[in-house]
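Undergrad: End of the sequence shown sits at 679 in the numbering used here; the numbers just go up one at a time, nothing left out.
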Amino acid sequence: MTATTTSPADLALETRRRRSIAVISHPDAGKSTLTEALALHARAITEAGAVHGKQGRDGVVSDWLEMEQKRGISITSAALQFEVDDLVINLLDTPGHADFSEDTYRVLTAVDAAVMLLDSAKGLEPQTLKLFEVCRRRGIPVITFVNKWDRPGRTALELCDELEQRIQLKPTPVTWPVGEAGDFRGLLDPVTEEVTLYRRAPGGAALAEEEHLDADAARAALPELVEEAIDSVGLLDAVDRDSFLAGSTTPLLFGAALANIGVRQLLDVVGTLAPAPDDRPALDGARRPVGAPFSGFVFKMQAGMDTKHRDHVAFVRVCSGEFQRGMVVTHGQTRRPFATKYALSVFGRSRDTIETAYPGDVVGLVNATSLSVGDSLYDGDGPPVVFPPMPVFAPEHFVAARAADPGRSKQFRKGIAQLEQEGVVQVLVSEARGDGSPILAAVGPLQFEVATFRMEHEFNAPIRVDHLSYSVARLATPEDVQALAGRGGVEIARRADGVTLALLESVWRLRSLQRDNPELSLEPLPAGTE
Numbered sequence: 150m151t152a153t154t155t156s157p158a159d160l161a162l163e164t165r166r167r168r169s170i171a172v173i174s175h176p177d178a179g180k181s182t183l184t185e186a187l188a189l190h191a192r193a194i195t196e197a198g199a200v201h202g203k204q205g206r207d208g209v210v211s212d213w214l215e216m217e218q219k220r221g222i223s224i225t226s227a228a229l230q231f232e233v234d235d236l237v238i239n240l241l242d243t244p245g246h247a248d249f250s251e252d253t254y255r256v257l258t259a260v261d262a263a264v265m266l267l268d269s270a271k272g273l274e275p276q277t278l279k280l281f282e283v284c285r286r287r288g289i290p291v292i293t294f295v296n297k298w299d300r301p302g303r304t305a306l307e308l309c310d311e312l313e314q315r316i317q318l319k320p321t322p323v324t325w326p327v328g329e330a331g332d333f334r335g336l337l338d339p340v341t342e343e344v345t346l347y348r349r350a351p352g353g354a355a356l357a358e359e360e361h362l363d364a365d366a367a368r369a370a371l372p373e374l375v376e377e378a379i380d381s382v383g384l385l386d387a388v389d390r391d392s393f394l395a396g397s398t399t400p401l402l403f404g405a406a407l408a409n410i411g412v413r414q415l416l417d418v419v420g421t422l423a424p425a426p427d428d429r430p431a432l433d434g435a436r437r438p439v440g441a442p443f444s445g446f447v448f449k450m451q452a453g454m455d456t457k458h459r460d461h462v463a464f465v466r467v468c469s470g471e472f473q474r475g476m477v478v479t480h481g482q483t484r485r486p487f488a489t490k491y492a493l494s495v496f497g498r499s500r501d502t503i504e505t506a507y508p509g510d511v512v513g514l515v516n517a518t519s520l521s522v523g524d525s526l527y528d529g530d531g532p533p534v535v536f537p538p539m540p541v542f543a544p545e546h547f548v549a550a551r552a553a554d555p556g557r558s559k560q561f562r563k564g565i566a567q568l569e570q571e572g573v574v575q576v577l578v579s580e581a582r583g584d585g586s587p588i589l590a591a592v593g594p595l596q597f598e599v600a601t602f603r604m605e606h607e608f609n610a611p612i613r614v615d616h617l618s619y620s621v622a623r624l625a626t627p628e629d630v631q632a633l634a635g636r637g638g639v640e641i642a643r644r645a646d647g648v649t650l651a652l653l654e655s656v657w658r659l660r661s662l663q664r665d666n667p668e669l670s671l672e673p674l675p676a677g678t679e
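(1) Where does Leu671 fall in DSSP's three states?
(2) Run through DSSP, which three-state label would Ala158 get?
(3) Tell me which residues share the same chain as Val630 and place their Cβ nearer than 6 Å to its Cβ, disregarding the 5 neighbours each side in the sequence.
(4) Tell me whether the beta-carbon of Phe547 lies closer than 7 Å to the beta-carbon of Ala610.
(5) Pick out whichever of Ala405, Arg303, Pro537 has its Cα sitting closest to the Cα of Lys297.
(6) With DSSP run on the structure shown, which of helix, strand or coil describes Ile289?
(7) Note down, one range per segment and in chain order, each beta strand (DSSP E) of at least 3 residues found wholly within the region 419-499.
(8) What does the Cβ neighbour count give for Asp261, buried or exposed, with the cut at 16 atoms within 10 Å?
(9) Going by other Cβ atoms of all chains shown within 10 Å of its Cβ, with 16 needed for buried, is Leu280 buried or exposed?
(10) Please report the straight-line C-alpha distance between Arg658 and Gly638, rounded to a whole angstrom.
(11) Just reading off the alpha helix (DSSP H) that Glu665 is part of, what are its end residues?
(12) Just curious, the beta strand (DSSP E) that Phe542 is in, first and last residue?
(13) Taking the alpha carbon of Leu273 as the reference point, which residue from Tyr527, Val573, Asp310 has its own alpha carbon closest?
(14) Between the region 339-349 and the region 420-430, do three or more beta carbon pairs fall short of 8 Å?
(15) With C-beta atoms as the reference, is Ala441 less than 7 Å away from Ser469?
(16) When we look at the beta-carbon of Arg603 and count the other beta-carbons within 10 Å, is it buried (16 or more) or exposed?
(17) Could you compute how far the alpha carbon of Val418 sits from the alpha carbon of Ile292?
(18) Around the Cβ of His569, are there at least 16 other Cβ atoms within 10 angstroms (buried) or fewer (exposed)?
(19) With distances taken from CA atoms, which of Glu376, Ala488, Leu385, Pro326 is nearest Val477?
(20) May I have a chain-ordered list of the beta strand (DSSP E) segments no shorter than 3 residues that lie completely inside the region 555-597?
(21) Just to confirm before moving on: does the CB-CB distance between Lys180 and Leu266 stay below 7 Å?
(22) What residue from Val375, Gly411, Ile289 has the CA that sits closest to Leu731's CA?
(23) How long is the line joining the alpha carbons of Glu307 and Arg429, rounded to whole angstroms?
(24) Please report the distance separating the alpha-carbon of Gly335 from that of Phe542.
(25) Using a Cβ-Cβ cutoff of less than 7 Å, which residues in the same chain neighbour Arg283 once the five nearest sequence positions on both sides are dropped?
(26) Excluding sequence positions up to five away, which residues of its chain have a Cβ less than 8 Å from the Cβ of Pro372?
(27) Which same chain residues end up closer than 6 Å to Val340 when comparing Cβ atoms and leaving out the 5 residues on each side of it in sequence?
(28) Give me whichever residues DSSP pairs with Gln684 in a beta bridge.
(29) Give the list of continuous alpha helix (DSSP H) stretches no shorter than 4 residues that lie fully inside the region 334-392.
(30) I need the DSSP call for Phe294, collapsed to helix, strand or coil.
(31) For Asp365 and Ala305, I'd like the C-alpha separation in whole angstroms.
(32) In whole angstroms, what is the alpha-carbon distance linking Glu580 and Ala651?
(33) Measuring CB to CB, does Ala552 end up less than 7 Å from Val412?
(34) Am I right that Thr184 and Leu229 are in contact with their C-beta atoms under 8 Å? What's the rounded C-beta distance?
(35) To the nearest angstrom, how far is the alpha carbon of Lys490 from that of Ala550?
(36) I believe Pro426 touches Val439 by the beta-carbon criterion, under 8 Å. Please report the beta-carbon distance rounded to the nearest angstrom.
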């Protein structure tokens with residue numbers, strides 16, 4: 150073990166400085182762009198990129214995977230850490246596409262607050278609703294940022310009504326737009342009635358120029374628009390931190406992330422309202438105090454971030470105590486020691502060696518081939534702890550995979566095992582096909598594209614996939630397996646953790662089997678949505 154050097158008082162101070170947040174939304178609402186704008190405002194980068202690159206403007210730093218840059222979507226979850234004023238922000242960008250829900254859900258286990266991003270023209274979209282429900286179930290407070298106010302969209306009050314009526318979340322404005330969507334003049338502070346005017350930087354790569362007007366000057370400059378904004382915002386309640394933390398209200402902000410407008414105020418809200426890391430519940434129900442010796446859990450595995458070294462990074466959320474590079478920790482699931490010689494802070498694809506980390510921080514452990522998503526780590530000198538496992542989602546899409554070149558079967562097996570360990574896809578093996586042709590199972594078909602791309606480009610083991618007609622997976626007991634033997638439209642397969650699944654062509658086939666065999670169990674997966 151490595152003795153910690155931080156006093157309890159200093160550890161408490163470092164913990165209070167931390168804010169760990171995720172950005173969630175429907176695809177194309179601007180998550181990666183907002184992530185970039187937040188980093189720009191914090192001076193963590195000097196120029197903001199764009200998801201869809203423009204001449205003279207780089208791509209976003211958080212989308213580092215080659216496939217992300219080609220497709221203009223976020224596939225992996227990016228972990229960015231930067232300081233602003235006296236705060237340390239751990240910002241986790243997430244995939245918005247529904248096909249990558251599992252990765253997003255895992256990230257939400259590692260944060261203390263979320264920024265829900267809404268498109269001003271579209272409001273609450275299906276994936277946003279789904280992710281908000283996850284936040285609600287996990288007790289994660291939500292800050293709402295209405296993006297793209299520089300484009301035509303709905304009225305501010307209409308969006309507020311939608312928040313309150315559809316998800317019972319009462320908006321409490323921190324900023325309010327002066328001018329309707331598409332005719333954006335500035336942002337009103339509801340408390341002081343001051344207005345900030347913006348002049349967009351060419352291309353949006355730099356901070357927008359700001360001009361601050363006091364209440365009298367704002368009324369003189371834009372009399373009708375400012376009065377309308379004051380009247381509208383007066384219909385809503387003021388910000389209340391207690392109700393925000395309780396999940397009944399959401400601080401509401403407006404802006405345009407691509408133009409870097411309204412982002413500074415969002416950073417201010419994260420600092421003043423978002424909670425610092427707190428005691429975290431363990432698997433046994435006890436809460437691990439943040440002041441206890443080091444503990445954390447793996448919420449993400451990622452390989453291929455350094456193409457020269459084929460590295461394998463485990464992203465660990467620090468839950469308690471002080472992490473020190475080089476300390477030997479205990480693997481909660483096996484009670485075996487694990488050395489942390491190679492520990493990094495990760496900013497997109499770039500990385501720096503990290504010496505210490507505190508509750509709320511994310512540490513990247515390199516070459517952590519013995520770790521898997523959901524594993525717990527703790528300082529063996531302190532009390533042991535195992536945190537709850539990650540949810541395993543009910544897959545709805547299935548393909549049978551095989552090596553395109555039988556001579557590369559070794560690379561094929563290694564690559565499939567690594568993708569399974571990272572949680573890119575679920576890997577099932579059936580007796581009928583054998584482990585030479587595993588079944589890849591996924592929430593969405595884009596996961597198969599990622600798996601196929603990475604198998605070819607990272608492991609030099611191109612694969613062929615045959616789409617299977619199954620759409621339902623259920624837990625199968627030994628009695629279920631025996632009763633289903635020889636039945637059509639069903640296949641039995643097993644996960645690496647020993648769980649046996651029955652794969653069925655449809656819900657109708659499931660109901661038919663249960664009608665003919667009332668003794669069948671076939672329970673839904675615990676994290677299923679059926």
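Positions of the beta carbon are idealized from the N, C-alpha and C atoms, including for glycine. Model, not experiment: these values are computed from the prediction.
TA: Reading off the structure:
(1) Here Leu671 sits in coil by DSSP.
(2) Reduced to three states, the DSSP call for Ala158 is helix.
(3) The beta carbon of Val630 sits closer than 6 Å to the beta carbons of Ile641 from its chain, once the five residues preceding and following it are set aside; these are given in chain order.
(4) The Cβ atoms of Phe547 and Ala610 do not sit closer than 7 Å to each other.
(5) Minimum Cα distance to Lys297 is reached at Ala405.
(6) If DSSP states are grouped into helix, strand and coil, Ile289 belongs with coil.
(7) With a minimum length of 3 residues, the continuous beta strand (DSSP E) runs that stay inside the region 419-499 are 444-452, 461-469, 477-480, 486-488, 492-496.
(8) Counting Cβ neighbours within 10 Å, Asp261 comes out buried, since at least 16 surround it.
(9) Classification of Leu280: buried, given that the 10 Å Cβ count is 16 or more.
(10) Our two residues, Arg658 and Gly638, have alpha carbons roughly 7 Å apart in a direct line.
(11) Note that residue 665 corresponds to Asp in the displayed sequence, not to Glu. The continuous alpha helix (DSSP H) containing Asp665 extends over residues 656-665.
(12) Note, Phe542: premise wrong, no beta strand (DSSP E); not H, not E.
(13) When only C-alpha atoms are compared, the closest one is Asp310.
(14) No contact exists between the region 339-349 and the region 420-430.
(15) Judged by their CB atoms, Ala441 and Ser469 are nearer to each other than the 7 Å cut-off.
(16) Buried, since its Cβ has 16 or more Cβ neighbours within 10 Å.
(17) Whole-angstrom Cα-Cα distance: 8 Å.
(18) Before going on, a small fix: residue 569 reads as Glu here, not His. Within a 10 Å sphere around the beta-carbon of Glu569 sit 16 or more other beta-carbons, which makes this residue buried.
(19) Closest option to Val477, Cα to Cα, is Ala488.
(20) If only uninterrupted beta strand (DSSP E) runs of at least 3 residues are considered, those enclosed by the region 555-597 are 575-577, 588-591.
(21) Yes, Cβ-Cβ distance for Lys180 and Leu266 is below 7 Å.
(22) There is simply no residue 731 to check, as the chain begins at 150 and stops at 679 in what is shown.
(23) Cα to Cα, Glu307 sits roughly 37 Å from Arg429.
(24) Rounded to the nearest angstrom, the two C-alpha atoms are 43 Å apart.
(25) First, the amino acid is wrong: residue 283 is Val here, not Arg. Excluding residues within five positions, the ones whose Cβ falls inside 7 Å are Tyr254, Leu257.
(26) So no residue of the chain qualifies.
(27) Within the same chain, Val340 has no close Cβ partners at all.
(28) Missing from the structure shown is residue 684; the chain here goes from 150 to 679 and no further.
(29) You should have 364-370, 372-382.
(30) In this structure, Phe294 counts as strand in the three-state DSSP scheme.
(31) Answer to the nearest angstrom: the Cα atoms are 23 Å apart.
(32) Taking the straight line joining both Cα atoms gives about 12 Å.
(33) No, they are not a contact pair.
(34) About 7 Å separates the two Cβ atoms, so the contact holds.
(35) C-alpha separation (whole angstroms): 36 Å.
(36) The beta-carbon distance between Pro426 and Val439, rounded to whole angstroms, is 6 Å. This is short enough to meet the 8 Å contact definition.
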